[in-house]
Amino acid sequence: MSETGSPLPETGPYTLAIDGMGGDGGPEVVVAGLAIAADRHPSARILLVGDEVKLAGLLARHPRAAAICTIQPAGSAIPMDMKPTAALRLRDSSMRLAMDAVSRGEAQGVVSAGNSGAMLALAKIVIKTLPGISRPAMAAISPTTRGDVVMLDLGANVSCDWRNLVEFAVMGEAFAKAVLGLPAPTIGLLNVGSEELKGDERLRQAAEVLRGSPLARQFHGFVEGHDITAGTTDVVVTDGFTGNVALKTGEGALKMAFTLLRQVFTSSLLGRIGYILVRPGLERMKEWLDPRRYNGAVFVGLNGVVVKSHGGTDAEGFAAAVDVAMDMVTHRFTDGIRDRLAHMESLTAVRTSPDQSQAVPAS
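Take a look at the structure:
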C-alpha cells in the first residue's frame, strides 16, 4: 500500500528505489532528505522501501516527499554492523527489496545510507555487473581549486590489475559526463610520479592501453597526490587501497585545518577581531567545502544506478545523494558505459596480464 492507502503498482517505472531504513539517522533523515529532493525533482517517482507504519507517519509530516513517494513494506532492515554474508540472507530487508526493484526494471536506480559492505554485496548479486566489467568500483566527487574531481576506486577493490584500472577510467569518464556535465573529461592515473617510467607495470600497462584507446585525447597520463586537489584532471583513477587512503587523508587534513583556524581565532582578542574581519570569506569557504555537497558515492560498473549515501549525513546530505542518482539516471549513465566498453573491448581482450612485480620507487 502507498502512504495514501492506494494499492502499490505491480511494476514501475519508478525513477529511484530508496532504502528508507538505512543510515545512522534512519527513516527520519531519509524522508526529510526526500522532502528537499522533491523541490528539485518534482516529476520523480520514488519507491520508498521500509517499515510502512514509520514511513507513512513521516510522510504525513512531509507532504512534499509524500507527493512523489509510494511505500513498499519491508520486513526487516540491515544493521550497520551486519556482515555482508548475513545481509545476503535477509531477503525481505529494505535494502534488498530496493535492489530487487532495480533488477526487475521497476526502478532505474537505488539510494541507501545503509551498510556499505552489504550494499556492495547485494548490488553484485542482485543487480549484477555490466558485461565487460570485471569489478564494480566506488566513485565520488571531491572539491579542488579548479572545480570538482571524480575519483575512483575509493575502497571497493583493494588490489587491482591493469584491466581494472582501464575499466575504472571508462566508468569515471562516463560518471564525470553524467554528474559534472563535462563533454570530454580529462583522465589521470594516480602514480608516485608523472614520468612515464614511474610506478609498477600494471600502471604502465594501463596507461599504454588508454593512450591507444578512444579515450586517448582525454588521457592526461600519470598524476600525483597533489594533482587531486589541484584539479589537474577531471577524473583520477587508482586502486581501492590507494584511493581510500587518499580520501581519508584529505578528510583528515581538512578537519585539521578547520581545527587550527578555530584555535587561531579564539586564542586571543586580536584573533577574535581578525575572525570578524575575515568571517564572510570563511563562511564561503566552509560552504564550498561542506561534505554534504559531495555526499553520494556511486558503485559504478553495475547494471543499474547504485548510490551510497554517507550513513551519518543529515537531510541536506541525503538530498545530495538523491541528486547524484537523478543526474545519472537522467543522463543514461549505464548506457554510456556500455557504449564506451563496446569500443574498448578489443584493446583489453588481446592483451595478457603482465608481471606486476617490477616497480620504480617514488622520488
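For the sequence shown, our numbering begins at 1 and goes up steadily by one.
Just so you know, even glycine gets a beta-carbon here, dropped at the ideal spot from N, CA and C.
Rounded C-beta distance between residue i and residue j? I'm assuming under 8 Å.
i              : j             : result
isoleucine 36  : alanine 319   : 4 Å
isoleucine 18  : leucine 47    : 7 Å
leucine 55     : isoleucine 71 : 5 Å
leucine 289    : leucine 254   : 6 Å
isoleucine 273 : alanine 246   : Not really, about 37 Å apart at Cβ, beyond 8 Å.
glycine 311    : aspartate 24  : 5 Å
leucine 130    : arginine 338  : 6 Å
If you run the structure through DSSP and keep just helix, strand and coil, what is residue i?
i              : result
isoleucine 187 : strand
serine 94      : helix
glutamine 72   : strand
methionine 21  : coil
leucine 48     : strand
alanine 67     : coil
serine 353     : With a pLDDT of 42 at serine 353, under the threshold of 50, the modelled position of that residue is not reliable, and the figure given next carries that caveat. If DSSP states are grouped into helix, strand and coil, serine 353 belongs with coil.
serine 116     : helix
aspartate 39   : helix
lysine 128     : coil
methionine 256 : helix
lysine 54      : helix
aspartate 200  : strand
lysine 83      : coil
alanine 77     : coil
leucine 182    : coil
glycine 336    : helix
leucine 289    : coil
glutamate 195  : coil
histidine 62   : coil
leucine 269    : helix
aspartate 327  : helix
Would the beta-carbon of residue i fall within 8 Å of that of residue j?
i                 : j             : result
serine 309        : serine 116    : no
valine 49         : serine 94     : yes
alanine 206       : valine 149    : no
valine 298        : valine 329    : no
phenylalanine 222 : serine 194    : yes
alanine 321       : glycine 296   : yes
valine 305        : glycine 109   : yes
valine 372        : arginine 340  : Coverage of the chain is limited to positions 1 through 363, which leaves residue 372 absent and any answer about it impossible.
methionine 250    : valine 158    : The amino acid at residue 250 is misidentified as methionine; the sequence shows glycine. Taking 8 Å as the Cβ cut-off, glycine 250 and valine 158 do not qualify as a contacting pair.
glycine 33        : methionine 80 : no
threonine 145     : glycine 231   : yes
tyrosine 294      : serine 142    : yes
glutamate 316     : arginine 284  : no
asparagine 164    : arginine 204  : no
aspartate 314     : valine 30     : no
Which partner residues does residue i have in the DSSP bridge list?
i            : result
cysteine 160 : DSSP, once it has assigned bridges, lists no residue as partnering cysteine 160.
proline 143  : Asp148
tyrosine 14  : Ala107
glycine 221  : Gly188
alanine 137  : Val300
lysine 308   : Ser112, Ala297
valine 236   : Met151, Gly188
Taking 8 Å as the CB-CB cut-off, is residue i touching chain C?
i              : result
methionine 138 : No chain C appears in the structure shown, which is made up of a single protein chain.
Can you find the residues in the same chain that come closer than 7 Å, C-beta to C-beta, to residue i, ignoring five residues on each side of it along the sequence?
i                : result
glycine 168      : Note that residue 168 is phenylalanine in the sequence shown, not glycine. If we look at phenylalanine 168 and ignore the five residues flanking it on each side, its Cβ neighbours are Ala137, Leu152, Asp153, Val237.
tyrosine 14      : Arg45, Ile46, Leu47, Ala101, Glu106, Ala107
methionine 269   : Per the sequence presented here, residue 269 reads as leucine, with methionine not at that position. No residues qualify anywhere along the chain.
glycine 271      : Val264, Phe265
arginine 40      : Asp323
leucine 122      : Ala87, Leu88, Met95, Arg96, Met99
alanine 118      : Ile78, Met82, Pro84, Ala87, Met95
phenylalanine 64 : According to the sequence as given, residue 64 is arginine; it is not phenylalanine. Result list for arginine 64: Ala35, Ala38, Asp39, in chain order.
isoleucine 127   : Met99, Val102, Ser103, Leu302, Asn303, Gly304, Val306
Can you give me the Cβ contacts of residue i inside the same chain, cut-off strictly under 8 Å, excluding the 5 residues immediately before and after it?
i              : result
asparagine 242 : In the sequence as displayed, the identity of residue 242 is threonine instead of asparagine. Once the five neighbours on either side are set aside, the close Cβ partners of threonine 242 are Leu190.
glycine 75     : Asp92, Ser93
glycine 336    : Ala174, Lys177, Ala178
alanine 409    : The displayed coordinates of the chain run from 1 to 363. Any statement about residue 409 would go beyond what the structure contains.
leucine 261    : Leu282
proline 27     : Gly20, Met21, Gly50, Asp51, Lys54, Leu55, Leu58
leucine 210    : Val166, Ala169, Ile187, Leu189, Ala216, Phe219
Go through its chain and collect everything with a Cβ distance to residue i's Cβ below 6 Å, but skip five positions before and after it.
i              : result
proline 185    : Glu173, Ala176, Asp234, Val235
proline 214    : His343
alanine 178    : Asp327, Met328, His331, Phe333
asparagine 244 : Leu154, Gly155
valine 307     : Val111, Gly296, Val298, Ala321, Val324, Ala325
glycine 225    : none
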